[in-house]
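For reference, the structure discussed in these notes is given below.
Residue numbers (our numbering): 1 to 371.
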């Protein structure tokens, strides 16, 4: 059977079913501008969602960790599932190399109340029946010279004994608190002890396939380009072009070449949101925006002239109209970004010669003011 991860048991029909892409939900333009874009339910996303939601159900709450490379969608998956869990309050600890056990303890005390029970003092959630303690970047805390991380050792104690000793050596138990973590499997970062990982369920996810990326970004591009392209088929073709260029960039520029050559679906998301800054009146304007934005996202990060020329070749291969050197640059005129707008200011096209003249005049004015 191809990809058995996408098969599930359906209790209503008493049979095995296969997940299918469900990308029919409408995405509003304001959702993209305010960074409240929906979680696109491809087949693999539905499989991962149902797995996580089963671990968040009251009858099956267990500590678990989601493992996947940077930019694969761990955060979006967990954020979507946490919103589905109305019984739980969310507390987040952003782990760094310097994170200590005190960060977890402080977060627990902030979101819990201490009560007395038959077994002694316990911490219970303050506002809702359950508390999810979400540790983001579990593998980041750096070990000491003995190879031990205080935070991870404290976390292992919480999972094993469901409590800890406070500064007065009194035992404090934990009730209705579920520990959830996410991490990237990188060999350059501190590894998590196997004894700790054995206490947690694990879900491993990878980057979306090219087919899934096409489905995701076709959905996101629909409200952006529907007025200029009209047909959903043309929008899907434009999304396919963007995904194709992204895949070409990933395959030709690797971290082995330069440490910062890490291209993930986050770049596709930035590219998509960046197109919101352009005035898209027709298809030619759409292509100009896609080409210019792709250069800012990918080309500007390349370290050598050879790599820049290679990117230009890839761009011309994927988008043939990009072969000719553009004589236009897009710049912003304003200075204030509206609140809650994650996109940025509108970009206006200028002929390069005219824009150089504007910049020179600004430099001259600045020089005269500071003489």
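In this text, a Cβ means the ideal position worked out from N, Cα and C, and glycines have one as well.
| Asked | Found |
| --- | --- |
| Sub-9 Å separation of residue 377 and residue 23 beta-carbons | Residue 377 lies beyond the residue range present for the chain, which begins at 1 and ends at 371; the question has no answer from this structure. |
| Residue from 228, 255 and 307 with nearest C-alpha to residue 286 | 228 |
| Buried or exposed (CB count within 10 angstroms, at least 16 for buried), residue 83 | exposed |
| Own chain partners of residue 322 with C-beta closer than 7 Å, once the 5 adjacent residues on each side are dropped | 291, 315 and 316 |
| Start-end ranges of the beta strand (DSSP E) lying completely within the stretch 318-363, minimum 3 residues | 328-332 and 347-351 |
| Candidates 8, 25, 206 and 69: closest to residue 18 by CA position | 8 |
| Option in 52, 253 and 341 with minimal Cα separation from residue 80 | 52 |
| Sequence ranges, beta strand (DSSP E) only - wholly within the stretch 93-121, length at least 3 | 112-117 |
| Chain-order list of residues whose beta-carbon lies under 6 Å from that of residue 184 (same chain, five-residue window excluded) | 69 and 70 |
| Contact under 9 Å by Cβ, residue 108 with residue 205 | no |
| Any non-hydrogen atom of the ligand SAH closer than 8 Å to residue 281 Cβ | Only the bare structure without any ligand can be found here, which leaves the ligand SAH out of the picture. |
| Distance between residue 247 and residue 164 (C-alpha atoms, nearest Å) | 48 Å |
| Beta-carbon spacing of residue 123, residue 159 below 9 Å | no |
| Through-space distance from residue 363 to residue 355, alpha-carbon basis | 12 Å |
| Own chain residues within Cβ distance below 7 Å of residue 212, not counting five before or after | 42 and 44 |
| Local conformation of residue 197 per DSSP, three classes | helix |
| Cβ neighbours of residue 351 in the same chain (closer than 7 Å, five flanking residues each side left out) | 327 and 328 |
| Assumed close pair residue 120, residue 171 - CB separation to whole angstroms, cut-off 8 Å | 6 Å |
| Cα-Cα separation between residue 198 and residue 181, rounded to whole angstroms | 13 Å |
| Proximity test, Cβ basis, 9 Å: residue 286 and chain B | Here chain B cannot be found, since the structure has a single protein chain. |
| Supposed contact pair residue 27 and residue 223 - C-beta distance, whole angstroms, cut 8 Å | 5 Å |
| Sequence-distant residues of the same chain with beta carbon closer than 7 Å to residue 221, five excluded per side | 235, 238, 239 and 272 |
| For residue 361 and residue 367, the rounded distance between their alpha carbons | 10 Å |
| CB-CB length for residue 21 against residue 215, believed under 8 Å | 5 Å |
| Nearest to residue 34 (by Cα), restricted to the options 353, 342 and 358 | 342 |
| Proximity below 9 Å, CB of residue 202 to CB of residue 280 | no |
| Cβ-based neighbour list, residue 274, same chain, cut-off 6 Å, excluding 5 preceding and 5 following | 293 |
| Extent of the continuous alpha helix (DSSP H) to which residue 267 belongs | 265-274 |
| Whole alpha helix (DSSP H) elements within the stretch 110-179, 4-residue minimum | 150-161 |
| Terminal residues of the beta strand (DSSP E) in which residue 10 lies | 7-10 |
| Residue environment, residue 318, which counts as buried when at least 16 other CB atoms sit within 10 Å | buried |
| Residue 29 - DSSP class collapsed to helix/strand/coil | helix |
| For residue 61, the nearest candidate out of 253, 252 and 200 (CA to CA) | 200 |
| Inter-residue CB distance, residue 150 and residue 100 (contact presumed, cutoff 8 Å) | 5 Å |
| Other residues of its chain near residue 103: CB distance less than 6 Å, five sequence neighbours each side excluded | 93 |
| Close-in-space but distant-in-sequence residues of the same chain around residue 259 (CB under 8 Å, 5 per side omitted) | none |
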